[in-house]
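Take a look at the structure set out below.
In the numbering used here, the protein residues as written are 3 to 455.
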(Lines of atoms letter the chains of each structure in order from A; the text may use other names.)
(Lines give C-alpha, C1' and ligand atoms only; values in the text may rest on other atoms or scores of the structure.)
Protein backbone atom coordinates (compact mmCIF):
# COMPACT_ATOMS: atom_id res chain seq x y z
CA UNK A 3 0.00 0.00 0.00
CA UNK A 4 1.43 3.37 -1.02
CA UNK A 5 1.59 6.24 1.48
CA UNK A 6 0.48 8.59 -1.30
CA UNK A 7 1.93 11.56 0.60
CA UNK A 8 3.03 14.62 -1.32
CA UNK A 9 5.89 16.42 0.37
CA UNK A 10 5.60 19.76 -1.40
CA UNK A 11 2.27 21.22 -2.46
CA UNK A 12 1.71 24.19 -4.71
CA UNK A 13 0.28 26.67 -2.22
CA UNK A 14 -0.39 29.33 -4.79
CA UNK A 15 -3.01 27.46 -6.81
CA UNK A 16 -5.86 28.18 -4.48
CA UNK A 17 -8.17 30.69 -6.05
CA UNK A 18 -10.31 30.79 -9.12
CA UNK A 19 -9.85 34.63 -9.29
CA UNK A 20 -6.82 35.62 -7.21
CA UNK A 21 -6.53 39.09 -8.71
CA UNK A 22 -9.99 40.07 -7.48
CA UNK A 23 -9.81 38.68 -3.99
CA UNK A 24 -6.34 39.58 -2.78
CA UNK A 25 -6.25 38.26 0.78
CA UNK A 26 -7.20 34.67 0.12
CA UNK A 27 -5.02 33.40 2.94
CA UNK A 28 -6.78 35.74 5.34
CA UNK A 29 -10.17 34.77 3.94
CA UNK A 30 -9.33 31.12 4.50
CA UNK A 31 -8.77 31.82 8.19
CA UNK A 32 -11.74 34.06 8.97
CA UNK A 33 -15.14 33.81 7.31
CA UNK A 34 -16.81 37.19 7.08
CA UNK A 35 -20.31 38.03 6.04
CA UNK A 36 -18.88 39.70 2.93
CA UNK A 37 -17.68 36.34 1.65
CA UNK A 38 -21.20 34.96 1.40
CA UNK A 39 -22.89 31.82 2.65
CA UNK A 40 -24.58 30.37 -0.41
CA UNK A 41 -22.62 27.13 0.00
CA UNK A 42 -24.85 26.38 3.00
CA UNK A 43 -27.90 26.44 0.71
CA UNK A 44 -26.34 23.52 -1.15
CA UNK A 45 -25.69 21.80 2.17
CA UNK A 46 -29.38 22.29 2.97
CA UNK A 47 -30.41 20.53 -0.24
CA UNK A 48 -28.13 17.62 0.65
CA UNK A 49 -29.67 17.55 4.13
CA UNK A 50 -33.16 17.14 2.66
CA UNK A 51 -32.12 14.44 0.17
CA UNK A 52 -30.59 12.51 3.07
CA UNK A 53 -33.77 13.02 5.14
CA UNK A 54 -35.88 11.55 2.33
CA UNK A 55 -33.36 8.74 1.80
CA UNK A 56 -33.60 7.55 5.39
CA UNK A 57 -37.32 8.10 5.71
CA UNK A 58 -37.90 5.80 2.74
CA UNK A 59 -35.59 3.07 3.97
CA UNK A 60 -36.97 3.07 7.53
CA UNK A 61 -40.60 2.44 6.60
CA UNK A 62 -40.04 -1.31 6.35
CA UNK A 63 -38.49 -1.54 9.82
CA UNK A 64 -41.39 0.40 11.34
CA UNK A 65 -43.92 -1.88 9.66
CA UNK A 66 -42.04 -5.03 10.64
CA UNK A 67 -44.55 -6.30 13.20
CA UNK A 68 -47.52 -5.49 10.94
CA UNK A 69 -46.04 -7.17 7.88
CA UNK A 70 -44.77 -10.19 9.80
CA UNK A 71 -48.25 -10.67 11.25
CA UNK A 72 -50.12 -10.12 7.97
CA UNK A 73 -47.80 -12.22 5.82
CA UNK A 74 -46.52 -14.81 8.28
CA UNK A 75 -42.84 -13.89 8.00
CA UNK A 76 -40.19 -15.27 10.35
CA UNK A 77 -37.25 -13.24 11.66
CA UNK A 78 -35.13 -15.01 9.04
CA UNK A 79 -37.53 -13.87 6.29
CA UNK A 80 -37.29 -10.30 7.48
CA UNK A 81 -33.50 -10.54 7.73
CA UNK A 82 -33.30 -11.85 4.16
CA UNK A 83 -35.44 -8.95 2.89
CA UNK A 84 -33.10 -6.49 4.64
CA UNK A 85 -30.14 -8.40 3.20
CA UNK A 86 -31.51 -7.92 -0.33
CA UNK A 87 -31.43 -4.18 0.28
CA UNK A 88 -27.89 -4.38 1.68
CA UNK A 89 -26.51 -6.30 -1.30
CA UNK A 90 -28.12 -3.99 -3.84
CA UNK A 91 -27.07 -0.94 -1.81
CA UNK A 92 -23.48 -2.16 -1.92
CA UNK A 93 -23.49 -2.32 -5.72
CA UNK A 94 -25.44 0.96 -5.91
CA UNK A 95 -22.90 2.66 -3.67
CA UNK A 96 -19.87 1.68 -5.72
CA UNK A 97 -21.60 2.10 -9.09
CA UNK A 98 -23.16 5.44 -8.23
CA UNK A 99 -19.92 6.69 -6.72
CA UNK A 100 -18.16 6.20 -10.04
CA UNK A 101 -21.19 7.55 -11.91
CA UNK A 102 -21.14 10.78 -9.88
CA UNK A 103 -17.46 11.28 -10.75
CA UNK A 104 -18.28 10.73 -14.44
CA UNK A 105 -21.56 12.61 -15.04
CA UNK A 106 -21.47 15.02 -12.11
CA UNK A 107 -23.89 15.47 -9.25
CA UNK A 108 -26.24 17.96 -10.90
CA UNK A 109 -27.72 15.13 -12.99
CA UNK A 110 -26.51 12.09 -11.05
CA UNK A 111 -28.04 12.88 -7.65
CA UNK A 112 -31.58 13.75 -8.84
CA UNK A 113 -31.55 10.62 -11.02
CA UNK A 114 -30.78 8.56 -7.91
CA UNK A 115 -33.48 10.30 -5.84
CA UNK A 116 -36.10 9.77 -8.57
CA UNK A 117 -35.08 6.11 -8.81
CA UNK A 118 -35.36 5.33 -5.12
CA UNK A 119 -38.63 7.26 -4.83
CA UNK A 120 -40.08 5.02 -7.54
CA UNK A 121 -38.96 1.82 -5.84
CA UNK A 122 -40.20 3.05 -2.45
CA UNK A 123 -43.66 3.31 -4.00
CA UNK A 124 -43.32 -0.15 -5.58
CA UNK A 125 -43.35 -1.75 -2.09
CA UNK A 126 -47.07 -0.97 -1.85
CA UNK A 127 -47.83 -3.48 -4.61
CA UNK A 128 -45.85 -6.43 -3.22
CA UNK A 129 -47.40 -9.33 -1.31
CA UNK A 130 -44.64 -11.90 -0.75
CA UNK A 131 -41.12 -12.26 0.61
CA UNK A 132 -39.79 -12.47 -2.95
CA UNK A 133 -41.71 -9.37 -4.01
CA UNK A 134 -40.35 -7.37 -1.10
CA UNK A 135 -36.83 -8.56 -1.92
CA UNK A 136 -37.25 -7.14 -5.44
CA UNK A 137 -38.57 -3.83 -4.14
CA UNK A 138 -35.84 -3.58 -1.49
CA UNK A 139 -33.15 -4.41 -4.05
CA UNK A 140 -34.37 -1.63 -6.34
CA UNK A 141 -34.51 0.77 -3.41
CA UNK A 142 -31.00 -0.16 -2.29
CA UNK A 143 -29.48 0.09 -5.76
CA UNK A 144 -30.74 3.66 -6.23
CA UNK A 145 -30.38 4.90 -2.64
CA UNK A 146 -26.69 4.04 -2.93
CA UNK A 147 -26.17 7.25 -4.90
CA UNK A 148 -27.01 9.70 -2.12
CA UNK A 149 -23.90 9.60 0.03
CA UNK A 150 -21.22 9.42 -2.70
CA UNK A 151 -22.92 12.38 -4.41
CA UNK A 152 -23.28 14.34 -1.16
CA UNK A 153 -19.66 13.81 -0.11
CA UNK A 154 -18.54 14.86 -3.58
CA UNK A 155 -20.71 17.99 -3.35
CA UNK A 156 -19.16 18.88 0.01
CA UNK A 157 -15.64 18.45 -1.40
CA UNK A 158 -16.55 20.79 -4.27
CA UNK A 159 -18.43 23.42 -2.23
CA UNK A 160 -16.49 23.65 1.06
CA UNK A 161 -12.88 24.23 2.13
CA UNK A 162 -11.26 21.50 4.24
CA UNK A 163 -11.85 23.28 7.55
CA UNK A 164 -15.64 23.25 7.03
CA UNK A 165 -16.13 19.84 5.44
CA UNK A 166 -16.69 17.85 8.62
CA UNK A 167 -19.29 20.36 9.82
CA UNK A 168 -21.03 20.41 6.42
CA UNK A 169 -20.95 16.61 6.33
CA UNK A 170 -22.34 16.44 9.85
CA UNK A 171 -25.18 18.79 8.91
CA UNK A 172 -26.30 16.92 5.79
CA UNK A 173 -25.73 13.58 7.54
CA UNK A 174 -28.10 14.80 10.28
CA UNK A 175 -30.82 14.38 7.66
CA UNK A 176 -30.60 10.65 8.24
CA UNK A 177 -31.78 11.22 11.80
CA UNK A 178 -34.49 13.67 10.81
CA UNK A 179 -35.79 11.08 8.34
CA UNK A 180 -35.68 8.52 11.11
CA UNK A 181 -37.67 10.91 13.34
CA UNK A 182 -40.26 11.87 10.72
CA UNK A 183 -40.94 8.28 9.68
CA UNK A 184 -42.14 7.05 13.13
CA UNK A 185 -44.56 9.99 13.24
CA UNK A 186 -45.90 9.68 9.71
CA UNK A 187 -46.02 5.90 9.22
CA UNK A 188 -48.36 5.00 12.14
CA UNK A 189 -50.82 7.69 11.08
CA UNK A 190 -50.85 6.45 7.48
CA UNK A 191 -51.06 2.83 8.64
CA UNK A 192 -54.15 3.40 10.77
CA UNK A 193 -55.89 5.73 8.33
CA UNK A 194 -55.14 4.09 4.99
CA UNK A 195 -53.19 0.85 5.49
CA UNK A 196 -49.54 -0.08 5.21
CA UNK A 197 -49.50 0.43 1.43
CA UNK A 198 -50.14 4.16 1.88
CA UNK A 199 -47.04 4.46 4.08
CA UNK A 200 -44.85 3.40 1.17
CA UNK A 201 -46.70 5.48 -1.43
CA UNK A 202 -46.75 8.76 0.49
CA UNK A 203 -43.16 8.64 1.75
CA UNK A 204 -41.93 7.49 -1.66
CA UNK A 205 -43.69 10.33 -3.47
CA UNK A 206 -41.96 13.09 -1.49
CA UNK A 207 -38.66 12.56 -3.29
CA UNK A 208 -40.04 13.72 -6.64
CA UNK A 209 -40.58 17.24 -5.23
CA UNK A 210 -36.95 17.37 -4.11
CA UNK A 211 -35.79 16.47 -7.63
CA UNK A 212 -37.56 19.54 -9.04
CA UNK A 213 -35.99 21.82 -6.42
CA UNK A 214 -32.47 20.48 -7.04
CA UNK A 215 -32.65 20.92 -10.81
CA UNK A 216 -33.84 24.50 -10.36
CA UNK A 217 -31.20 25.49 -7.79
CA UNK A 218 -27.99 23.48 -8.28
CA UNK A 219 -25.01 24.41 -10.48
CA UNK A 220 -21.27 23.85 -10.08
CA UNK A 221 -19.62 26.54 -7.90
CA UNK A 222 -17.81 28.08 -10.87
CA UNK A 223 -21.07 28.28 -12.84
CA UNK A 224 -23.48 29.38 -10.12
CA UNK A 225 -24.88 32.91 -10.65
CA UNK A 226 -25.58 33.43 -6.93
CA UNK A 227 -22.06 32.60 -5.76
CA UNK A 228 -19.81 35.64 -5.28
CA UNK A 229 -16.19 35.72 -6.43
CA UNK A 230 -15.17 36.09 -2.77
CA UNK A 231 -17.06 32.99 -1.67
CA UNK A 232 -15.71 30.99 -4.61
CA UNK A 233 -12.18 32.03 -3.64
CA UNK A 234 -12.85 30.97 -0.05
CA UNK A 235 -14.19 27.58 -1.21
CA UNK A 236 -11.06 27.11 -3.33
CA UNK A 237 -8.67 28.39 -0.64
CA UNK A 238 -7.02 24.99 -0.05
CA UNK A 239 -3.97 24.14 -2.17
CA UNK A 240 -5.10 22.76 -5.53
CA UNK A 241 -3.10 19.86 -6.93
CA UNK A 242 -3.18 18.56 -10.50
CA UNK A 243 -6.13 16.21 -11.04
CA UNK A 244 -5.86 12.96 -12.92
CA UNK A 245 -8.30 10.27 -13.92
CA UNK A 246 -7.51 7.51 -11.42
CA UNK A 247 -8.51 3.92 -12.33
CA UNK A 248 -10.41 2.03 -9.65
CA UNK A 249 -7.63 -0.49 -9.14
CA UNK A 250 -5.16 2.34 -8.44
CA UNK A 251 -7.48 3.78 -5.79
CA UNK A 252 -6.71 0.68 -3.72
CA UNK A 253 -3.12 1.91 -3.34
CA UNK A 254 -4.27 4.97 -1.37
CA UNK A 255 -4.40 4.91 2.41
CA UNK A 256 -7.54 7.05 2.36
CA UNK A 257 -9.41 4.36 0.43
CA UNK A 258 -8.60 1.68 2.99
CA UNK A 259 -9.31 3.94 5.95
CA UNK A 260 -12.76 4.64 4.50
CA UNK A 261 -13.38 0.92 3.92
CA UNK A 262 -12.47 0.05 7.50
CA UNK A 263 -14.34 2.95 9.08
CA UNK A 264 -17.50 2.22 7.12
CA UNK A 265 -17.37 -1.57 7.58
CA UNK A 266 -17.07 -1.27 11.36
CA UNK A 267 -19.89 1.27 11.75
CA UNK A 268 -22.53 1.12 8.98
CA UNK A 269 -23.84 -2.43 9.75
CA UNK A 270 -24.45 -1.34 13.36
CA UNK A 271 -26.49 1.66 12.20
CA UNK A 272 -28.56 -0.59 9.98
CA UNK A 273 -29.18 -2.85 12.93
CA UNK A 274 -30.60 0.13 14.83
CA UNK A 275 -32.78 1.24 11.90
CA UNK A 276 -34.24 -2.17 11.10
CA UNK A 277 -34.38 -3.95 14.46
CA UNK A 278 -34.79 -1.39 17.26
CA UNK A 279 -38.59 -1.07 16.65
CA UNK A 280 -38.83 -4.86 16.89
CA UNK A 281 -36.59 -4.88 19.96
CA UNK A 282 -38.87 -2.40 21.74
CA UNK A 283 -41.89 -4.53 20.82
CA UNK A 284 -40.28 -7.80 21.93
CA UNK A 285 -38.59 -6.51 25.09
CA UNK A 286 -41.18 -4.04 26.36
CA UNK A 287 -44.38 -4.92 24.50
CA UNK A 288 -44.83 -1.51 22.83
CA UNK A 289 -46.75 -1.25 19.56
CA UNK A 290 -45.95 1.08 16.66
CA UNK A 291 -47.66 4.06 18.28
CA UNK A 292 -45.99 3.27 21.59
CA UNK A 293 -42.59 3.15 19.89
CA UNK A 294 -43.12 6.57 18.30
CA UNK A 295 -41.73 8.67 21.17
CA UNK A 296 -38.77 6.34 21.98
CA UNK A 297 -37.70 6.35 18.32
CA UNK A 298 -38.07 10.12 18.06
CA UNK A 299 -35.86 10.50 21.14
CA UNK A 300 -33.22 8.10 19.77
CA UNK A 301 -32.91 9.79 16.39
CA UNK A 302 -33.15 13.31 17.76
CA UNK A 303 -30.18 12.47 19.95
CA UNK A 304 -28.46 11.07 16.86
CA UNK A 305 -29.03 14.41 15.12
CA UNK A 306 -27.04 16.21 17.78
CA UNK A 307 -24.27 13.65 17.42
CA UNK A 308 -24.06 14.13 13.69
CA UNK A 309 -23.66 17.90 13.89
CA UNK A 310 -21.63 17.69 17.09
CA UNK A 311 -19.14 15.19 15.67
CA UNK A 312 -18.60 17.38 12.63
CA UNK A 313 -18.32 20.49 14.78
CA UNK A 314 -15.88 18.90 17.23
CA UNK A 315 -13.26 17.92 14.66
CA UNK A 316 -13.67 21.25 12.83
CA UNK A 317 -13.26 23.05 16.17
CA UNK A 318 -10.05 21.14 16.87
CA UNK A 319 -8.69 22.05 13.44
CA UNK A 320 -9.45 25.73 13.99
CA UNK A 321 -7.51 25.50 17.27
CA UNK A 322 -4.45 24.25 15.40
CA UNK A 323 -4.86 20.46 15.54
CA UNK A 324 -3.86 18.72 12.30
CA UNK A 325 -6.95 17.52 10.37
CA UNK A 326 -6.29 13.77 10.55
CA UNK A 327 -5.42 13.94 14.26
CA UNK A 328 -8.65 15.88 14.87
CA UNK A 329 -10.62 13.16 13.06
CA UNK A 330 -8.95 10.43 15.14
CA UNK A 331 -9.67 12.22 18.43
CA UNK A 332 -13.31 12.52 17.37
CA UNK A 333 -13.40 8.80 16.52
CA UNK A 334 -12.05 8.02 20.00
CA UNK A 335 -14.63 10.13 21.82
CA UNK A 336 -17.47 8.65 19.75
CA UNK A 337 -16.21 5.07 20.19
CA UNK A 338 -16.10 5.47 23.97
CA UNK A 339 -19.65 6.85 23.99
CA UNK A 340 -20.94 3.73 22.21
CA UNK A 341 -19.67 1.28 24.86
CA UNK A 342 -22.66 1.57 27.28
CA UNK A 343 -25.08 0.24 24.63
CA UNK A 344 -23.79 -3.18 25.71
CA UNK A 345 -26.36 -3.02 28.54
CA UNK A 346 -29.36 -1.96 26.43
CA UNK A 347 -31.00 -5.39 26.42
CA UNK A 348 -30.38 -6.09 30.11
CA UNK A 349 -32.05 -3.07 31.74
CA UNK A 350 -35.62 -3.33 33.01
CA UNK A 351 -36.60 0.23 32.14
CA UNK A 352 -37.44 0.94 28.51
CA UNK A 353 -36.39 4.57 28.92
CA UNK A 354 -32.92 3.63 30.12
CA UNK A 355 -32.60 1.34 27.11
CA UNK A 356 -33.75 4.20 24.87
CA UNK A 357 -31.16 6.50 26.46
CA UNK A 358 -28.36 3.97 25.91
CA UNK A 359 -29.35 3.37 22.28
CA UNK A 360 -29.76 7.11 21.73
CA UNK A 361 -26.26 7.84 23.02
CA UNK A 362 -24.85 5.07 20.80
CA UNK A 363 -26.78 6.34 17.77
CA UNK A 364 -25.55 9.88 18.45
CA UNK A 365 -21.97 8.70 18.70
CA UNK A 366 -22.36 6.66 15.53
CA UNK A 367 -23.41 9.72 13.57
CA UNK A 368 -20.49 11.76 14.84
CA UNK A 369 -18.18 8.88 13.93
CA UNK A 370 -19.61 8.38 10.44
CA UNK A 371 -19.51 12.11 9.61
CA UNK A 372 -15.76 12.01 10.15
CA UNK A 373 -15.32 8.72 8.29
CA UNK A 374 -16.79 10.40 5.22
CA UNK A 375 -14.63 13.48 5.74
CA UNK A 376 -11.47 11.35 5.86
CA UNK A 377 -12.04 10.72 2.15
CA UNK A 378 -12.06 14.40 1.18
CA UNK A 379 -9.04 14.93 3.50
CA UNK A 380 -6.92 12.23 1.87
CA UNK A 381 -8.04 11.83 -1.74
CA UNK A 382 -7.93 13.96 -4.92
CA UNK A 383 -11.24 15.78 -5.40
CA UNK A 384 -12.11 13.95 -8.62
CA UNK A 385 -11.82 10.56 -6.86
CA UNK A 386 -13.94 11.32 -3.79
CA UNK A 387 -17.18 9.84 -5.14
CA UNK A 388 -15.44 6.65 -6.27
CA UNK A 389 -13.67 6.12 -2.93
CA UNK A 390 -16.85 6.68 -0.92
CA UNK A 391 -18.52 4.21 -3.29
CA UNK A 392 -15.84 1.57 -2.71
CA UNK A 393 -16.13 1.94 1.08
CA UNK A 394 -19.91 1.72 0.93
CA UNK A 395 -19.78 -1.34 -1.31
CA UNK A 396 -17.55 -3.20 1.13
CA UNK A 397 -19.58 -2.16 4.18
CA UNK A 398 -22.97 -3.03 2.78
CA UNK A 399 -21.76 -6.26 1.23
CA UNK A 400 -20.72 -7.18 4.76
CA UNK A 401 -24.07 -5.77 5.91
CA UNK A 402 -25.92 -8.31 3.78
CA UNK A 403 -24.41 -11.17 5.77
CA UNK A 404 -24.90 -9.26 9.04
CA UNK A 405 -28.62 -8.84 8.26
CA UNK A 406 -29.04 -12.52 7.46
CA UNK A 407 -27.11 -13.42 10.61
CA UNK A 408 -29.18 -11.13 12.83
CA UNK A 409 -32.43 -12.71 11.65
CA UNK A 410 -31.19 -16.24 12.18
CA UNK A 411 -29.68 -15.45 15.58
CA UNK A 412 -32.96 -13.96 16.77
CA UNK A 413 -34.88 -17.01 15.53
CA UNK A 414 -32.41 -19.32 17.29
CA UNK A 415 -32.47 -17.41 20.60
CA UNK A 416 -36.19 -16.58 20.64
CA UNK A 417 -35.52 -12.88 20.22
CA UNK A 418 -32.56 -12.38 22.58
CA UNK A 419 -30.73 -9.15 21.63
CA UNK A 420 -27.91 -9.24 24.20
CA UNK A 421 -25.22 -10.66 21.90
CA UNK A 422 -26.14 -8.16 19.17
CA UNK A 423 -25.83 -5.11 21.41
CA UNK A 424 -22.60 -6.50 22.85
CA UNK A 425 -21.00 -6.73 19.41
CA UNK A 426 -22.29 -3.29 18.45
CA UNK A 427 -20.68 -1.73 21.52
CA UNK A 428 -17.06 -2.53 20.60
CA UNK A 429 -16.89 -2.32 16.81
CA UNK A 430 -16.21 1.41 16.63
CA UNK A 431 -13.06 1.29 18.76
CA UNK A 432 -11.80 -1.72 16.80
CA UNK A 433 -12.33 0.25 13.59
CA UNK A 434 -10.45 3.24 15.02
CA UNK A 435 -7.48 1.07 16.02
CA UNK A 436 -7.17 -0.27 12.46
CA UNK A 437 -7.63 3.16 10.86
CA UNK A 438 -4.91 4.58 13.11
CA UNK A 439 -2.33 2.28 11.55
CA UNK A 440 -3.61 2.87 8.02
CA UNK A 441 -3.76 6.67 7.95
CA UNK A 442 -0.62 8.78 7.35
CA UNK A 443 1.35 9.71 10.44
CA UNK A 444 1.44 13.29 11.69
CA UNK A 445 4.22 15.33 10.12
CA UNK A 446 4.66 13.08 7.08
CA UNK A 447 3.78 15.71 4.48
CA UNK A 448 0.56 16.42 2.62
CA UNK A 449 -2.19 14.16 1.36
CA UNK A 450 -3.25 14.04 -2.31
CA UNK A 451 -6.07 16.38 -1.29
CA UNK A 452 -3.50 19.01 -0.28
CA UNK A 453 -4.17 18.61 3.47
CA UNK A 454 -1.18 18.81 5.83
CA UNK A 455 -0.92 15.86 8.21
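Ideal placement from N, C-alpha and C gives every residue a C-beta, glycine not left out.
Here DSSP, grouped into helix, strand and coil, assigns residue 245 to coil. DSSP, read as helix, strand or coil, puts residue 323 in coil. Look at residue 372 here: in three-state DSSP terms it is helix. Between residue 53 and residue 121, the alpha-carbon positions lie close to 17 Å from each other. Excluding the 5 residues flanking it on each side, residue 112 has same chain C-beta neighbours closer than 7 Å at 211, 214 and 215, in chain order. The continuous alpha helix (DSSP H) containing residue 438 extends over residues 420-440. Around the beta carbon of residue 87, 16 or more other beta carbons sit within 10 angstroms, so the residue counts as buried.
In this structure, residue 434 lies away from residue 422, with their beta-carbon atoms at least 8 Å apart. Boundaries of the alpha helix (DSSP H) around residue 114: 107-124. Check the Cα spacing between residue 359 and each of 373, 339, 377 and 374: the tightest is with 339.
Straight through space, the alpha carbons of residue 388 and residue 218 are spaced by roughly 21 Å. Residue 347 places its beta carbon less than 8 Å from that of residue 420.
In this structure residue 198 is not in contact with residue 186, their Cβ atoms being roughly 10 Å apart against a cut-off of 8 Å. Secondary structure note for residue 169: its alpha helix (DSSP H) is the uninterrupted segment 162-173. Relative to residue 183, the option among 314, 64 and 438 whose CA is nearest is 64. When C-beta atoms of the segment 56-70 are compared with those of the segment 92-110, fewer than three pairs fall below 8 Å, so the two segments do not count as touching.
The segment 261-269 and the segment 367-376 touch, with three or more beta-carbon pairs separated by less than 8 Å. The three-state reading of DSSP puts residue 64 in helix, counting H, G and I together. Between the segment 268-287 and the segment 317-334, the count of C-beta pairs closer than 8 Å stays below three; the two stretches do not touch. In the structure shown, residue 128 adopts coil according to DSSP, grouped into three states.
258 is the residue among 342, 280 and 258 whose C-alpha sits nearest the C-alpha of residue 394.
Residue 300 sits away from residue 343, with the two beta carbons spaced by 8 Å or more.
By the C-beta criterion, the segment 123-138 is judged to be in contact with the segment 66-83, since at least 3 inter-stretch pairs fall below 8 Å.
Secondary structure note for residue 75: it is in no alpha helix (DSSP H), with a DSSP letter that is neither H nor E.
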